[in-house]
Structures are given as structure tokens and as C-alpha cells.
Amino acid sequence: MTEVVVRLVTWQPEQAGALARVELSIDTPARNYSVYIAGSGLQFQPGLEAGVTLALLAAMRTGSDLRVEGALSATFLHGLQQYMHRFTKGFPEFNIVSVLPESILHLQYIAPTSRCASFFSGGVDSFLLC
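Residues in the sequence shown are numbered from 13 upward in steps of one, following this note's numbering.
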């Protein structure tokens, strides 16, 4: 296998006593991963953007295409290209890869506002405020 593959396995909406849960499969050249995201208030999404964010670095590190067995939004794909270009400038051992969804969603554009988001993945160098 020369690609990383992301696919939706199951979606379970929130029920009394049980969190909503999405299960994904991420297959890499070296290993297959079963991953899930669970939470209260989690809503079904038409695209697999959450799975792509979990698999992207594996694809970039191995130089493998990232095949998505599902849809991605056009704006998300545009953002991925920008992310990969910036990331590879700081970490040359990673590569810009092709992201190949089954289909592309053209969702309604929401104009930017003055809202702010803060993201933190655990490392001091990974803090991003936009």
C-alpha cells in the first residue's frame, strides 16, 4: 500500500446514557488503526474532515497519498493545502501529499467575523491562536 486510507466505520447518535460516537478506520502502509471520537452534543457531519485531521501527518511523513472514502468540503481541502505548505517549511522530513476524497462538498460560505479560536495540542510549540 502506498497510500493512507480514511473511512467511516460507524456513527452512533447520542442516546440516554450513551455519548454520540463516530468510529473511523485509518489504514497506513505500516499499520491499520481503529479510532473513535465520542462526546455529548456531537453531531453527524456530511464530510470526513475529522478523520483526515487524524491521518494527515501519517500520510505526510510517509509521502503517501491520503485517500478519503467519503466527502470533504472544498474549503477544508483549500485549508489543507495551506497547512501542508506551512508545515513542511518547518519540518522538511514531512511531504506535501495528494488528498483524494470520493467527492467534494460545496457548502454555504459563512463570512468571517471577529470571533477568535484557540487550539492547543499539548506541545508549547504547537499553540495557535487565530
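Positions of the beta carbon are idealized from the N, C-alpha and C atoms, including for glycine.
Fair warning: this is a prediction, and the values are worked out from it, not measured in the lab.
Span of the alpha helix (DSSP H), counted from its first residue to its last, around residue i
{"i": "T5", "result": "Because the chain spans 13 through 142 in this model, residue 5 falls outside it and cannot be assessed."}
{"i": "Q94", "result": "A86 to G102"}
{"i": "V64", "result": "E61 to T74"}
Reference residue i; option with closest CA among the options
{"i": "F88", "options": "K101, Y48 and S115", "result": "S115"}
{"i": "P104", "options": "Q24, P58, R33 and L69", "result": "L69"}
{"i": "V47", "options": "V111, Q57 and L20", "result": "L20"}
{"i": "Y95", "options": "G82, T74 and V64", "result": "V64"}
{"i": "V17", "options": "L119, K101, V34 and R79", "result": "R79"}
Range covered by the beta strand (DSSP E) that runs through residue i
{"i": "T14", "result": "Taken as a continuous stretch (DSSP letters only), T14 belongs to no beta strand (DSSP E), as it is neither H nor E."}
{"i": "G51", "result": "N44 to G51"}
Supposed close pair residue i, residue j - CB separation, criterion 8 Å
{"i": "I49", "j": "A62", "result": "6 Å"}
Own chain partners of residue i with C-beta closer than 8 Å, once the 5 adjacent residues on each side are dropped
{"i": "N44", "result": "S37 and I38"}
Chain-order list of residues whose beta-carbon lies under 6 Å from that of residue i (same chain, five-residue window excluded)
{"i": "M72", "result": "F106, N107 and V109"}
Residues bridged to residue i (per DSSP)
{"i": "A30", "result": "Q27"}
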